[in-house]
Amino acid sequence: MNNEIRYISYRDALAAQKSGSGIIIDVREPAEFRDGHIPYAINLPSTRFTAEDYQSWRHLKVCLVCQTGNRARPIVQKSKIDY
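Position one of the sequence shown corresponds to residue 47 (our numbering), numbered consecutively onward.
In structure tokens, the structure reads:
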């Protein structure tokens, strides 16, 4: 694992989630999440995301989702999430 940000396609993220090898975490605020989100994504706002949260998913490919990348990027850098 490293703190390099990698981008994957929507299709690849869904495939990883469907196979059980990945998880999609939407780091937008709850109101934004309610307005629309990727099916089966978990909402965990960036303001509440901690390294401990990541530890519970470290055995999975973690895909963070936000509107522009500005909220997901600091989480990746701080937590050293794979992608």
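Note that beta-carbon positions come from the ideal geometry of N, C-alpha and C, so glycine has one too.
Predicted model only: the values in this text are computed from it and were never measured.
The segment 98–110 and the segment 76–83 do not touch, with fewer than 3 CB-CB distances between them shorter than 8 angstroms.
Here DSSP, grouped into helix, strand and coil, assigns I54 to coil. Within the same chain, D72 come within 6 angstroms of H83 by CB-CB distance, once the 5 residues on both sides are set aside.
Looking at the DSSP output, V111 bridges to D72. For A87, no alpha helix (DSSP H) run applies, since DSSP gives it neither H nor E.
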